[in-house]
Structures are given as C-alpha cells and as structure tokens.
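Taken in order, these protein sequences are the chains called A and W.
For what it's worth, our numbering labels the leading residue of the first sequence as 1, then goes sequentially.
For what it's worth, our numbering labels the leading residue of the second sequence as 559, then goes sequentially.
All C-beta atoms, glycine included, are put in the ideal place defined by N, C-alpha and C.
These notes are about the structure you will find just below.
2 protein chains.
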Amino acid sequence: MFSIRILMYIILLFTCLISDEQNGHRALHILQEERRKQAQRSVLISCQVTTNEKKFLKYLSQHGDINKFFFYESYGLYAVVEFSSSESVASLLESSVIPSVSHECVVPFKSRLLWLRNHSLVDSGGQTSGLVCQAQTTTPINELIHRISTQESIEQQMMSLTEASQLTEENSRLRFLVCSLLEDIATAYFPECTITPFGSSVNGFGKLGCDLDMFLNLDNIKGRNMRLPKSGLSLEYQMKRANSERAVTQSILSVIGECVDQFGPGCVGVQKILNARCPLVRFSHQPSGFQCDLTANNRVAMKSTELLYLYGGLDARVRHLVFSVRCWARVHGITSSIPGAWITNFSLTMMVLFFLQRRNPPIIPTLDQLQQLAGPADKSIIDGNDCTFVSDFAKVQLQSNTETLEQLLSAFFEFYATFNFSRLSINIRKGKEQNKPEMSPLHILNPFETSLNISKNVNVTQLDRFVALCQESSWLSQQSRTLNPKKSTSGKNTAMPWGLAALLLPLQVDGIKGRKKKTRELASERIKSLLVSLKKKDSPTNLMCRVRQQFIGRKHLF
Amino acid sequence: MFSIRILMYIILLFTCLISDEQNGHRALHILQEERRKQAQRSVLISCQVTTNEKKFLKYLSQHGDINKFFFYESYGLYAVVEFSSSESVASLLESSVIPSVSHECVVPFKSRLLWLRNHSLVDSGGQTSGLVCQAQTTTPINELIHRISTQESIEQQMMSLTEASQLTEENSRLRFLVCSLLEDIATAYFPECTITPFGSSVNGFGKLGCDLDMFLNLDNIKGRNMRLPKSGLSLEYQMKRANSERAVTQSILSVIGECVDQFGPGCVGVQKILNARCPLVRFSHQPSGFQCDLTANNRVAMKSTELLYLYGGLDARVRHLVFSVRCWARVHGITSSIPGAWITNFSLTMMVLFFLQRRNPPIIPTLDQLQQLAGPADKSIIDGNDCTFVSDFAKVQLQSNTETLEQLLSAFFEFYATFNFSRLSINIRKGKEQNKPEMSPLHILNPFETSLNISKNVNVTQLDRFVALCQESSWLSQQSRTLNPKKSTSGKNTAMPWGLAALLLPLQVDGIKGRKKKTRELASERIKSLLVSLKKKDSPTNLMCRVRQQFIGRKHLF
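Now the structure itself:
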C-alpha cells in the first residue's frame, strides 16, 4: 500500500512538471495570445457523419498545411481545423459558396463557420465513418464514481477526477475559436479590440462544459491619451459621447448583441442583459454547445482569472484539491448552477486557496506576497484598486510542503468543519483569518476589491449545510472503510465506492434539506461547540468519531 | 427683345453642351462609381470659424496631395477634403486622436468625420477668417422671385431658377461622402456591399437640401449562385436563414440602424421604419445637414433614378422645365413635404416628361423607344418586371424640336388645364394617353411596375387645385403684363415680378384652399367644360382670357 502511494506521489510530481512545462511557466497573457492566434487560423466545419477523414483532410489541404484538427459532436458532427497560416483560411473562404435554399433566404454574413457538402453518392450510404470524436462534456457522476473507485489510492482518485473533469486541449481550442468568431464581429467596428475567454475557461479550474465567459477588451484602441501639440493644428475623431464608461459598454454590447442575434450563424437565445452590474450579452452557441456570456472592460474579473491561473500553476495539488472539493460540493448541493444563496465555485476555490495558505509550511503564498514579487510590467490599478501581483512563475519560490492530496482533502474538511465563520473572515491577501467587517454569515474578502465580500449571497442555511457536510466528510474520510479500497477475495479492487468516491455518495447531512431551519441551527451550533471543546483533547479521528455519534444521535432533532 | 431671346437660346444650347460633356454622356453607374471613389478618398472635418485656409491646407498636405476641398456651414463650419490617394486618408486617421473629455466618455468608433483643433492662441482671436463657404441650401422664395425678376427673358428666368435650385458639384460630393461614411458601417459586416445615393440626389432633378436617399446594394456579395461540383466535397457558409428577402433586408437594416444610432457621430433621430412597404432607416446627419433614408435592395427605385437621369441628360429643356414646374407647384401648395393627398414631385416630373413626349415633334422619346435601344448589358428584370432601357446616351437620337422654354412652360399649363383626367391615364412608356384602368382621380402609370398608379394618393381636391392653377397660370402666362419685364423710365429692368416670377406669386386659386369641396368641384367642372368648348374656336390667349373672366366671375361660388 505504502509503495503504491509513493509511486502515485512520484506520478503526481511528474504530472506537475509536465503541466508546468505545458502551461505553468507561461504568463496567462502569453498563453492567451498564442491561443488567439491559433484560433484566427482556424475554421469550424459542420460535417456529415459519413465524412471520410482522409478525403476531408485532402480536400482542405488544397488551401494550405493543416497544423491540427479534431472532430467532436454537438448538434451534429463538427471539425475544428487549424491551418499553418491565415492565408489558407482566406483561400478556403474564397472558395466557399453562399447556400441557396429554395423558399428561403440567407443573411449573407460570412464567417469561419462552414458546412461541408458531399456531392458523391458513394460515401453517403448512411454509414458512419468511425471518426474519433473528442468529448466536450464531463463524465456523468455515477460513471465518475465507478471510475475512480477502481483507482488504487485516494491521490490517484483525485487525479483521475481532475483528468475526467478538466478542460481538454481540444475544448480549450474550441473556446478560443468561438471567441475568435465573435472577435470578427466586434473588430468590424473596433478593429483594435480583442475578445478573449476569462474565468473558468482559462483559469485552470474550468470543467468541461462550463460556460464560456468572454472579455471584450477595448483598451488597445489607439489614439487614446495621445499627447497634443502645444501649438498648431491637430485632428480629433468625432465620436458619440456618453455619461460614463458603463454607458459606452452598454452601447457597444447592445450593437454586438444585435449583430449576434441577427447575423451570427448558430447563435440562439440572445439576451442583452445591459442593466446588470456588469452589462453582458448572453447567448447559446449551438455549434460548440457553449453557453456564452460576453462582457466588456470587466478588468477585475480578468485579474481574478490571472490570479487563479497562477495559483493553479504553482503547485499541482491546488487544482486536484479544487476539482475534488468542487465535485464534492456539487453532488451534495452546496453549489448550484442556479443563482441564489448557494456558495459559488469561486468562493469555494477561495476557501481551498486560503486553506492551502494556512498549511504549515504554506503550500501557496499569500496575495500580498505575490504582490511584493511583482515587476514593473505587472503593475495594475483598476478603478482605484491595486490589482498588482507577479505574473512570472519563475519568481515565486514555494516552501517545501510534502503533504499528500489524501492528507490535504481530509484536512480541508476538518479545517472548515471547525472554522469560526461567525467571527472570522477568509482573506487570501493576508493568508490569515481576520475579524469580519460585516455580519454576512460567510465572509470571503474579494481579493481585489477589498471592501467587498464575494460570498455575500450565502445565507445561514447554506453555510450550515456546508459546515455539516465538512464535518461528516471529515469524519468519513478518516474511517478505515472509507480509506481502503474494497477488495474481492482474489485481492482485486471491487470498484465498490471507497475513498473520494465514498464522499461523493449521498451523506447523512444531505437528508436535512428542507427541514425546519431553527432547530437545525440549534443542533448545528451544539455540534460545533462540542467539536471545538473536544478538539483540544482529542486526535482528529477520535474527535470526528465522537462528533459523528453525537451528530447521528441528534438526527431526530432535524 | 428678340435678339436677347436668341442670345439666351444660344447660351441655353451651350449650357446643354457643357452639361452633356460633364455628365450627360456618361451612364449613371459610371458617374456613381467615380463619385464613390472620390468619396472614399475624402474626409469631413469640423473647423473653427477662425480657421486659416492656408494653414489648414498646409497641415493636411502632410498626409498627401489634395485633389479638391471646400468649406460649408451646417451646425458650424465644415470642410470636405478629397485626397489623391486613400493612403493619405489612412495616414491622416493614424495621426488623429480620440478626444478625452472630462466627466464624459466616448464610443471609440473611428470614422472619417473629424474635428480640427487649433492649439495656437494667436489664431483664435474670435475673428472669422473670411473663408468662402459653399451654399448647401436653396435661395428663399422671395429672394428667388426677386432674382429672376431681374432677368431679361423667361428662358433666362427658368435657367436662373434651375441654377439657384439644383444640386451643386460640392453638394453632390457631400452626398456621396455621407454615403461613403455609411458604407464603412455596412461593409464592416458585408465587405462587398456598396451604398450609393439614388433618387433626387443623382437623377438630375434634385434640389439643394433635398433628402438623401441611400441604396444599400448587397447584390455584389460573392459566393452566390456559384456552381457546385458534381462530385466530391465543397464548403458552404453557415448563415442565418429567413423566410423572405424582405426579412433579410429588415435584419440588416435593423443592425445598421442600431450601429448608426449608437456609434455614428453626428447621426441623430434614428428611426427604424422596418415594416414599411420598403423597409428603411431614417436619420438626420447633422454634419452635412441631410435628412437620410437608407433602404436596401430597392432596385426599381434605382432604375427610376437612372431613367430620370437619362431623360434629364437628353435635352437641357427637360430639367429647366421640371425645376420651374416643381417650384411653381411648391409655392402654390400643389406639392408638400408632408405625406398626404398631394401630388408628389415624382408624379409632377412624370407629367412634365409625358408633356414633352406629346410635343410635335416630341422632345424626348417614350420609354418603349428607350427599351428598344437597349443593349444586352442594359437588360434588367426586377421581380418579374422588365426594367430594361438604354443607358448609353449616344444611342438616343432626338427629333429636332426647337420650341423655347417660354413656349414649353406656357404649353405645359395649357396641356394640363385641359387634360381629360377623368378618363385618361398618363403613360410615359407609350408617350400617349391611355384609358384609365382604375378610378383614382389622377392616374400616372408606374413606368416599371405597370400595374401600379404612382399617384394613387392624390384625391379629387388636390387634382382640381392643380387643374385650376394650371388654368390660371396658363392664362397669366399669356398676358402681356406677365410676358414682359417691367421697365423703369430709364429703360432698366425694375425687378418687379414678371414672367415666371409672376407665376410664383400668390394666385387667385390659392384663395380657394379649405372652402367647400362640392361647390368648388362644380365650379371647376363648369370652367373645364367651358374651356374645352372654347378651345376649338379660340386661340389659346383669347381662350384663357375668357376662362379667366369666367373664373373670376365665379369667385363668389367658392
């Protein structure tokens, strides 16, 4: 058992190295720019299921060398094809035709979204071609539980879960391609603007199938803040004026939303949500299957993305722990895809980061430390908030914490099972608990707008459920029946849920949903105080055993 | 007197020759394309009134050679500057800055509409620079009456009126420039489209200050109706579909309207009138002072424009007569800028053309004759209607009618004073009266959609007023006090209204507005029948004298 764990740890470290080599050592903006260029050289083609890959590639290669291609399914079969040069894309589009449909007309807006037509009768015999399709959605939870149950260690389980959930290379390319198609629409009027993904699509914590948040950056438009001559003449563009940057953003998003709605092929359900705090255009991009949100000048969100990207890239354990905790939270209804009083994925990620900063020695540095490491190019003040931190991975020296993922997962639950939420705030800038400046049940400091609480939405009920689930999961994660795989008589793994898989099964606490709130609070409080009082005397395992008994004993109260 | 008339006629013929040399011998599409290219190399600059022309030109010449420039006033002082090459425009824009206004933000949409800033204190002493401004509006009617009263002949008066009313070279350039600015917006999404003026802006009959009708032409978008391979693969653009071409037009105009509204500097009062028979976007372009209507795929209107352009270019008398009749109709309230039961300028022009086709020998050919002269390149079928006619002026041989403008003006009034509107239709295709196919008071055949009546809107009241005014004007135009200038004792022209000017003064008939309709109709009918009965026996002058007496005698009836 021990040797397997060591082996897994070596594999884990190796994975970290590979991942560092792939992405980790490059600042996000460099990665973004590279992906953006790839996307600009790419086309998205709807194919028939009978498409023959060889003929397909031969046909496209007429226009130039292909760097990369892959197929996937989403409302039909699609292919993403990246050429070596943009000229190939231009040549391909030049040869493409506008469809003529009887009794229908088309809006002749040309984009890099195409149909492949097969005029040969031979190939369309109704047979599928056996093309390999890249999955663009996550594994269903039951299948995931089954899959990780066959793993030999909890670490392996956590890595396997990350592997099954995270964005693939192909999905990432598809996201940048959708941004690039939208950038074509935006650059029609603002030639110097860019549209890049932000948030989970690029921060390293995104799940396959997560929403595509897009950032329209108008900051690179030339001619702003240019020095005027002291004497003589100069020319200025005549431009429409607005009262605020927000009004300008609303104008621009309104027009882009209209274009997407009226011209954008495959774009459906376009909603202009312009009066939101951060105005946005939401739509569904059917060819990719992405739910898209386009915002403009949302610079703080871009900095948050960079920060998570940096933390995720510093130590591979960060991402594995975040993926495991998020999956656990989702199956137990702590997070939800519906807006409401639930804890958000972002808050949960902050809690994991904070927990990792509180290890001894810390696994990741505090944001204040990252700020001190920043170079002049990293300087960033947004709306009066200092959002500066280092972007160069090489400048960050980590301390030598060797805790395993198994230890960290268990410790995470224990940490938040006993956290004094009523009095303390979670603050990744300082990496220590601070007194809460306001009375929200859960207080997590917004790392860049430090007067804000990112979890203001969370109510007492949802926080209590989180704490209760941490308590139960902490207890469970230390039981020998949870800790070890179920073996058959022949010594083989039976694939019965164990380890992380066991934590993803319905728990006792899951039954308390919808019961009377007041009694529950009372019980929760009692358990917590008991837990704290016991903590000083007991080992965690014994402690959690007792709490568990106490907890089960109180079940009639709920 | 006679020698002066001959002199004027020679001048008139000379003007025709010049006008033919300038525009007449070039087909409209060639002229349009040339103007469009000029406009693409032009910029529109808002200047301070203190602008020094020399410094202005020196400053702009940094970017390249200037082909042509002029100043005009419209909500401030503006300059149109045409460079020799498009690169100069690009260079000028490259050096232009985005304005930074305190407490305000701008929509960073860059166009060729600029402000000139003067940073030297010396030049801005509040004094105007004495720049020569090109008039962009017509002369007020009283001033016009005064001006033409000083002319020596009616022909001279009609030419002077045309001169004062028609579009100038500069105004025409400005119209194409506004189209070009809008084309920049449209080509952002439909790179192969064009926007060109149609209607009065280019048909030769436009007045200074008339609305700017713009035509978005999407027909040149490549990739339509392309031949597909018989076997193998091909690529098609994915495009949004609509039920009809009309729906596509509505989509496109909706987005362009939104862009103009949100981004277009100087564009105000944007209205999307998408449910009209011909969907359009209406807006006011403040820098040019034009009221603009943008339509798409309005191909028949473009053909009508070409036809009027051809007729106007064939013989200079056409335009002079049309300008005079239109001015006369406007001052007497026959036409109106408000939509309603009034006779439109287009109908009135058709009436003039028809009248000229009915002269003996005809001054202009019929549309059927123009169709017979058409070459293969002229072929045009729009929505099933044959809109073919010759575009090459050189192919049209005119008959040698030598009537003077004075004769034609008087004859025009006489022609319509006695026209049998109740039974006959005006048809420029055939150049002869036809039986009315329907019961509208006024029936003028739509030359390209021959099932339609272009003056269906006109009611009996308006038609009667027109006829009564023709009667009175016909009578007046034959009176010696109208026919000859008022001379002072020294033999000089007193500038007292005479000739055409006298016809532009309030007439007896103008007093009948708003009186009881029935009595008026009765009177009108009586006068008409009397007129017809007298016509056979009398010379026109005597006839009109009697009608006039009869008419005045009946005044108590109204």
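Distance, residue j Cα to residue i Cα
i	j	result
A/L314	W/R594	58 Å
A/Q434	A/S451	13 Å
A/G264	W/K798	7 Å
W/S653	A/A377	27 Å
A/T194	A/M439	40 Å
A/C327	A/I141	9 Å
A/A301	A/N446	11 Å
A/N345	A/I444	13 Å
W/S658	W/W673	13 Å
W/S1032	W/A975	8 Å
W/G870	A/E104	40 Å
A/V467	A/A501	20 Å
W/L1034	W/E713	16 Å
A/E143	A/S391	38 Å
A/T489	A/M496	13 Å
W/L735	W/Q598	7 Å
W/Q596	W/R987	35 Å
Residue range of the beta strand (DSSP E) that includes residue i
i	result
A/V325	No beta strand (DSSP E) holds A/V325; the alpha helix (DSSP H) holding it covers 316-331.
A/N217	212-217
A/K272	267-273
W/W673	671-676
A/A79	77-83
W/V839	838-843
A/N68	The identity of residue 68 of chain A in the sequence shown is Lys, whereas the question assumes Asn. Where A/K68 is concerned, the enclosing beta strand (DSSP E) stretches over 66-73.
W/S600	600-605
A/C292	290-296
For residue i, the nearest candidate out of the options (CA to CA)
i	options	result
A/Q271	A/F283, A/P279, A/P265, A/G206	A/F283
W/S678	A/F71, A/T187, A/F198, A/G232	A/G232
W/C605	W/F628, W/S949, W/S619, W/C945	W/F628
A/Q462	A/G375, A/S347, A/S391	A/S347
A/S86	A/V101, A/D65, A/C267	A/D65
A/I221	A/F198, A/K379, A/V107, A/A186	A/A186
W/C737	W/S1031, W/D950, W/S669	W/S669
A/R173	A/L310, A/L218, A/V43	A/V43
A/G266	A/L500, A/V318, A/F109	A/F109
W/L589	W/S649, W/M784, W/H621, W/S759	W/S759
A/A374	A/P339, A/L310, A/S160	A/L310
W/K990	W/P920, W/M784, W/S646, W/S660	W/P920
A/Q151	A/D510, A/V509, A/P506, A/K487	A/K487
Residue range of the alpha helix (DSSP H) that includes residue i
i	result
W/Y974	963-975
W/L615	611-619
W/E727	727-745
W/F912	903-915
W/D926	925-930
W/F748	Taken as a continuous stretch (DSSP letters only), W/F748 belongs to no alpha helix (DSSP H), as it is neither H nor E.
W/F1024	1018-1034
Interface flag, residue i vs chain B, CB-CB below 8 Å
i	result
A/E73	Absent from the structure: chain B. Protein chains present are A and W.
Residue i: CB within 7 Å of a non-hydrogen atom of the ligand NAD
i	result
A/D383	The ligand content of the structure shown is nil, which means the ligand NAD is not present either.
Validate contact between the segment 395-415 of chain A and the segment 330-346 of chain A using beta carbons, cut 8 Å, 3 pairs:
no
Does the pairing of the segment 635-646 of chain W with the segment 200-215 of chain A give three or more beta-carbon distances under 8 Å?
no
Is the segment 257-276 of chain A touching the segment 299-306 of chain A in the sense that three or more CB pairs, one from each, lie closer than 8 Å?
no
Under 8 Å: do the segment 473-483 of chain A and the segment 420-429 of chain A share three or more Cβ pairs, one atom per stretch?
no
Can you give me, in chain order, the residues of the segment 734-761 of chain W that have a beta carbon less than 7 Å from any beta carbon in chain A?
A746, Y747, F748
Counting pairs of beta carbons, one from the segment 57-74 of chain A and one from the segment 285-298 of chain A, are three or more of them closer than 8 Å?
yes
Within 8 Å of chain W by C-beta, residues of the segment 248-279 of chain A in sequence order:
V248, S251, I252, S254, V255, E258, C259, Q262, F263, G264, P265, G266
With 8 Å as the limit, tell me which residues of the segment 785-796 of chain W have their beta carbon closer than that to any beta carbon of chain A; keep them in chain order.
L786, P787, K788, S789, G790, L791, S792, L793, E794, Y795, Q796
The segment 596-621 of chain W: positions lying closer than 8 Å to chain A by Cβ
I603, S604, K613, F614, Y617
Contact set between the segment 645-665 of chain W and chain A, restricted to residues whose Cβ is under 9 Å from the partner
L650, L651, E652, S653, S654, V655, I656, P657, S658, V659, H661, E662, C663, V664, V665
Is the segment 242-253 of chain A in contact with the segment 801-810 of chain W, if contact means three or more CB pairs nearer than 8 Å?
no
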